[in-house]
Amino acid sequence: MNRVELLGRWTKEKSEELYGIKNWGRKYFSVSEKGEVLINPFKDPESAVSLKDIATGVTDRGLDMPVLLRFENILDAQLSYLNESFNDAIKKLHYKGRYQGVYPIKVNQQQQVIQEVTKFGQRYHHGLEVGSKPELIAALSEMKDKEACLICNGYKDEEFIDLGLYAIKMGFKCFFVIEIPGELDLILKRAEALHVQPNIGIRIKLSSKAGGHWTESGGDRSIFGLNMSQIIAIVDRLKIENKIECLKLMHYHLGSQIPNIRDIRTAVQEAARVYAELVKEGAPMGYIDLGGGLAVDYDGSNTNYTNSSNYSVEEYCTDIVEAVMTVMDSSQIEHPTIITESGRALVAYYSVLLFNVLDVATFEEHEIPAQLDPSLPEEVHYLHEVNQKLTVKNLQETYNDILYYRDNIRNMFNHGRISLRERAVSEKIFWNTLHQIVDKKNKLKFVPSELMDLESAIADIYYCNFSVFQSIPDSWAIDQLFPIMPIHRLLELPTRNAVIADITCDCDGNIDKFIDLHDMNNTLPLHPLKDTEDYFIGIFLVGAYQETLGDLHNLFGDTNVVSVKLNGDGTYDIVNEISGDSVQDVLSYVEFDTKAMRMKFRKTAEEAVKMGLVTPSERRIIMQSYENGLLGYTYYER
Ligand SMILES: *Cc1c(COP(=O)(O)O)cnc(C)c1O
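Under UniProt numbering, think of the first position of the sequence shown as 1, with each following residue one higher.
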């Protein structure tokens, strides 16, 4: 309970501080006077809407939790923010080129996202980046702006290249970025066959490395991109083919979520030098594409820690423009169009996952008697003795002893030497002691390392209606942290320390690391459940990468998705509702034939009737529940 201040009235400000919402929320999220989380993509405070109201509105319409909320206004606001920040930096530094971003489809491939990026991006000519043929096909269905860039990365086969060439024919600014040396031949061959002048880019390997989750993408050993001798070979090849005028773009991608601005600056400098050399080699160039990497401050700590970012978007833009300009000016080269492929920073804020809590398991401090029943086994008495002798001075020793006796007692139980009832008594003593150790250790000046994390051992387990694997796969796969907090009751003191378990009941399906300004927390303060109302928790900043990686762990499928549009006057519209997967849907993904399943089960039920186990009318009811099950939501339904 050390993080939660017990004295004084609990206020919205205390909740804001406890959950760090002002640090990670980018002003889009805040706490209202009513103690509810507000969302507001606009500057005017009157335009905010409560997430609790939206949650209620959604459930009233018959959509069950969990629900993924997408806020198109936030996507719009982030797109403007990135573009305006670059434009401001360009103006301030008197850069003579322009900025033209592209959105990498892989970060969130949902049709709605691509549609909104192209719609809101039009005023900045913000384009798309594709890394595969299916992504190119998707991009071509949504793209209309002929001034925006369409960047083709990834391995390209003939079909991929032909499609890109047709796009050029139709007037799109489409670039083929060469990732491996062999690609050039195929591009030139197909371009000649289709009579199209291709726009060629090269992906370079930098020696700069960056910290972050995906560091393999950058550095000398990265799998993708060309090293310096391969670049020269491409240039020579293009010269021989008389096609050097096609070489217009240079690209690199250092990796995603680069928390340290220094790594970004170093990479831009090196890349700008390569760019300048390519111009000196006689390539027309014109575009320098710096890939992704713009980080999101998930924990709000503003540091170079993996889940954070030690720079603002403004600093990012200024540093890039400045670095490119310095190198170009020193070689007297025209300022190129700067492209970035920011995905995470554009879409992370866009989605919030909401779910309800199904149940809570607590490990209460049991009362234990001063005198034990003398007939209990010796070992239980030893444990009790340790408990009785506990003082602030022997915490570590007591901790070691109770673990020792607990293990002994378990062993004895396994060998049939003590009964279930006797073991239950010992467990009560164990938990009582553990609670006391946790209470007392806060009085110590130096807490022994083994006792540091005991809070999580006695934390409540909140069983929540969602799947980590489906909705926040990076939490499980790479231990990424996301901001998590209740979306209401924020004027009440959160008296419980909790860890979160998802509905899969898989030990990997839990969350026991939470954001903190200085460190990481092993528990999250939450409110005790009430019988009369649902308790809603939100996981924030889940718009980037999570939807695409989701898997069907335990056959929990896609959640319901609701798109919300804030009107700017405190009201909102639900502009799109997508029902999540039904049980039938997910079963068909793993190749079950649901028609055949119905038939087989009907036969089983019929046999039960024949054997007299169920009546024919019971059979009808059984078949009906089977049918309802197949058609229902994969998550816990009311
Ligand atoms: C993944 C990827 C991106 C997106 O990076 P973010 O850090 O999400 O902005 C950009 N470019 C390429 C080539 C990528 O593979």
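A virtual CB, placed ideally from N, CA and C, is assigned to each residue, including glycine. Just so it is clear, the structure is predicted and the values come from calculations on it, not from any experiment.
Original post:
Residue range of the alpha helix (DSSP H) that residue 239 falls in?
Top reply: The count along the sequence shown starts at 1 and reaches residue 239 at position 239. For residue 239, the uninterrupted alpha helix (DSSP H) run begins and ends at 228–240, by DSSP.
Original post:
Just to confirm, are residue 128 and residue 161 a CB contact at a threshold of 8 Å?
Top reply: The residue you call residue 128 lines up with position 128 of the sequence shown. The residue you call residue 161 lines up with position 161 of the sequence shown. Their beta carbons are not under 8 Å apart, which means residue 128 does not touch residue 161 by this criterion.
Original post:
For ligand 1, any of its heavy atoms closer than 7 Å to the Cβ of residue 106?
Top reply: Reading the sequence shown from its first residue, position 106 is the one you call residue 106. Yes, ligand 1 has a heavy atom inside 7 Å of this Cβ.
**OP:** Report yes if the C-beta of residue 153 is less than 7 Å from at least one heavy atom of ligand 1; otherwise report no.
**Re:** One-based indexing of the sequence shown puts residue 153 at position 153. In this structure, the C-beta of residue 153 approaches ligand 1 to less than 7 Å from one of its heavy atoms.
Subject >> Rounded separation between residue 396 and residue 442 - CA only >> reply: Here the question's residue 396 lines up with position 396 in the sequence shown. Here the question's residue 442 lines up with position 442 in the sequence shown. Their backbone Cα atoms lie some 13 Å apart in a straight line.
Original post:
Which of the three DSSP states, helix, strand or coil, is assigned to residue 592?
Top reply: To locate residue 592, count along the sequence shown from 1; it is residue 592. Reduced to three states, the DSSP call for residue 592 is coil.
Subject >> Bridge partner(s) assigned by DSSP for residue 99 >> reply: Position 99 of the sequence shown, counted from the start, is the residue given in the question as residue 99. The bridge partners DSSP lists for residue 99 are 338.
**OP:** Give, in chain order, every unbroken run of the alpha helix (DSSP H) that is at least 4 residues long and sits entirely within the region 103–145.
**Re:** DSSP runs (the alpha helix (DSSP H)) wholly in the region 103–145: 111–121 and 133–142.
**OP:** Give me the Cα-Cα distance between residue 489 and residue 513, rounded to the nearest whole angstrom.
**Re:** Mapped onto the sequence shown, residue 489 falls at position 489. Mapped onto the sequence shown, residue 513 falls at position 513. Taking the CA atoms as reference points, residue 489 sits about 22 Å from residue 513.
Subject >> Per-residue burial, residue 446 [other beta carbons within 10 Å of its own, 16 or more giving buried] >> reply: Taking the first residue of the sequence shown as position 1, residue 446 is located at position 446. That one is exposed.
Original post:
Considering residue 385, what are the terminal residues of the alpha helix (DSSP H) in which it resides?
Top reply: On the sequence shown, position 385 is the one that residue 385 refers to. Note, residue 385: alpha helix (DSSP H), 378–388.
**OP:** Let me know if residue 317 comes out buried or exposed under the rule of 16 or more other beta-carbons within 10 Å of its beta-carbon.
**Re:** On the sequence shown, residue 317 is found 317 positions in, with the first residue counted as 1. It counts as buried.
Original post:
If residue 345 and residue 78 are in contact, beta carbons under 8 Å, what's the gap, nearest whole angstrom?
Top reply: Counting from 1 along the sequence shown, the entry for residue 345 is found at position 345. Counting from 1 along the sequence shown, the entry for residue 78 is found at position 78. With 8 Å as the limit, residue 345 and residue 78 qualify as a contact, their Cβ atoms being about 7 Å apart.
Original post:
Do residue 168 and residue 196 come within 8 Å of each other at the CB atom, strictly closer than that value?
Top reply: As a first step, residue 196 must be located in the sequence shown, where it is residue number 196. As a first step, residue 168 must be located in the sequence shown, where it is residue number 168. Cβ atoms of residue 196 and residue 168: closer than 8 Å.
Original post:
Taking buried to mean at least 16 other C-beta atoms within 10 Å of its own C-beta, is residue 483 buried or exposed?
Top reply: One-based indexing of the sequence shown puts residue 483 at position 483. Counting Cβ neighbours within 10 Å, residue 483 comes out buried, since at least 16 surround it.
**OP:** Kindly give me the distance between the Cβ atoms of residue 187 and residue 202, rounded to whole angstroms, as I take these residues to be in contact under 8 Å.
**Re:** In the sequence shown, residue 187 corresponds to position 187, counting from 1. In the sequence shown, residue 202 corresponds to position 202, counting from 1. Rounded, the Cβ-Cβ distance is 11 Å, inconsistent with contact.
**OP:** List the endpoints of the continuous alpha helix (DSSP H) containing residue 573.
**Re:** Taking the sequence shown and counting its residues from 1, the one referred to as residue 573 is at position 573. No alpha helix (DSSP H) holds residue 573; the beta strand (DSSP E) holding it covers 572–578.
Subject >> Start-to-end residues for the alpha helix (DSSP H) that takes in residue 346 >> reply: Reading the sequence shown from its first residue, position 346 is the one you call residue 346. It spans 344–347 - the alpha helix (DSSP H) in which residue 346 sits, taken as one unbroken run.
Original post:
So, residue 636 versus residue 580, is the Cβ gap smaller than 8 Å?
Top reply: Against the sequence shown, residue 636 aligns to sequence position 636. Against the sequence shown, residue 580 aligns to sequence position 580. No, they are not a contact pair.
**OP:** For residue 442, name the three-state secondary structure that DSSP assigns.
**Re:** Indexing the sequence shown from 1 puts residue 442 at position 442. DSSP places residue 442 in coil when its eight states are reduced to three.
Original post:
Does the beta carbon of residue 345 fall short of 7 Å from some heavy atom of ligand 1?
Top reply: Walking along the sequence shown from the start, residue 345 turns up at place 345. Yes, the Cβ of residue 345 comes within 7 Å of a heavy atom of ligand 1.
Original post:
What are the start and end residues of each continuous alpha helix (DSSP H) run of 4 or more residues lying completely inside the region 62–97, in chain order?
Top reply: Look at the region 62–97 and you find these whole runs of alpha helix (DSSP H), each 4 residues long or longer: 72–93.
Subject >> Test item: CB-CB of residue 204 and residue 155 under 8 Å >> reply: Numbered from 1 along the sequence shown, position 204 holds the residue referred to as residue 204. Numbered from 1 along the sequence shown, position 155 holds the residue referred to as residue 155. Cβ distance not < 8 Å, so residue 204 and residue 155 don't count as in contact.
**OP:** Flag residue 343 as yes when its Cβ comes closer than 7 Å to any non-hydrogen atom of ligand 2, and as no otherwise.
**Re:** Judged by which ligands are present, ligand 2 is missing from the structure shown, whose ligands are ligand 1.
**OP:** Taking 8 Å as the threshold, find out whether the region 297–316 comes into contact with the region 64–72 through three or more Cβ pairs.
**Re:** In short, these stretches do not touch, since the Cβ pair count stays below three.
Subject >> Alpha-carbon spacing of residue 191 relative to residue 325, whole angstroms >> reply: Position 191 of the sequence shown, counted from the first residue, corresponds to residue 191. Position 325 of the sequence shown, counted from the first residue, corresponds to residue 325. The straight-line gap from Cα to Cα measures roughly 33 Å.
Subject >> Sequence-distant residues of the same chain with beta carbon closer than 7 Å to residue 26, five excluded per side >> reply: Locating residue 26 in the sequence shown gives position 26, where the first residue counts as 1. Cβ neighbours of residue 26 beyond the five flanking positions: 349.
**OP:** Classify residue 415 as buried or exposed, calling it buried when 16 or more other Cβ atoms lie within 10 Å of its own Cβ.
**Re:** On the sequence shown, residue 415 is found 415 positions in, with the first residue counted as 1. Residue 415 counts as exposed, since fewer than 16 other C-beta atoms from the protein chains shown sit within 10 angstroms of its C-beta.
Subject >> Alpha carbon of residue 14 to alpha carbon of residue 31, nearest angstrom >> reply: Here residue 14 is taken as the residue at index 14 of the sequence shown, counted from 1. Here residue 31 is taken as the residue at index 31 of the sequence shown, counted from 1. Here the alpha carbons of residue 31 and residue 14 stand approximately 10 Å from one another.
Original post:
Does the beta carbon of residue 294 fall short of 7 Å from some heavy atom of ligand 1?
Top reply: Residue numbering aside, residue 294 sits at position 294 when the sequence shown is read from its first letter. Taking 7 Å as the cut-off, the C-beta of residue 294 counts as close to a heavy atom of ligand 1.
Original post:
Ends of the beta strand (DSSP E) at residue 486?
Top reply: Along the sequence shown, one-based indexing puts residue 486 at 486. Its beta strand (DSSP E) spans residues 484–486.
Original post:
Looking only at its own chain, which residues have a Cβ that is under 8 Å from the Cβ of residue 517, when we skip the five neighbours before and after it?
Top reply: For this step, residue 517 is matched to residue 517 along the sequence shown. 20, 23, 299, 300 and 301.
Original post:
Which residue from 436, 406, 107 and 578 puts its Cα closest to that of residue 422?
Top reply: Residue 422 sits at position 422 when you count from the first residue of the sequence shown. Measuring from the Cα of residue 422, the nearest candidate turns out to be 406.
**OP:** Can you give me the start and stop residues for the alpha helix (DSSP H) that residue 395 sits inside?
**Re:** Mapped onto the sequence shown, residue 395 falls at position 395. For residue 395, the uninterrupted alpha helix (DSSP H) segment begins and ends at 395–414.
Original post:
ligand 1 heavy atoms versus the CB of residue 459: any closer than 7 Å?
Top reply: Position 459 of the sequence shown, counting from 1, holds the residue named residue 459. The answer is no for residue 459.
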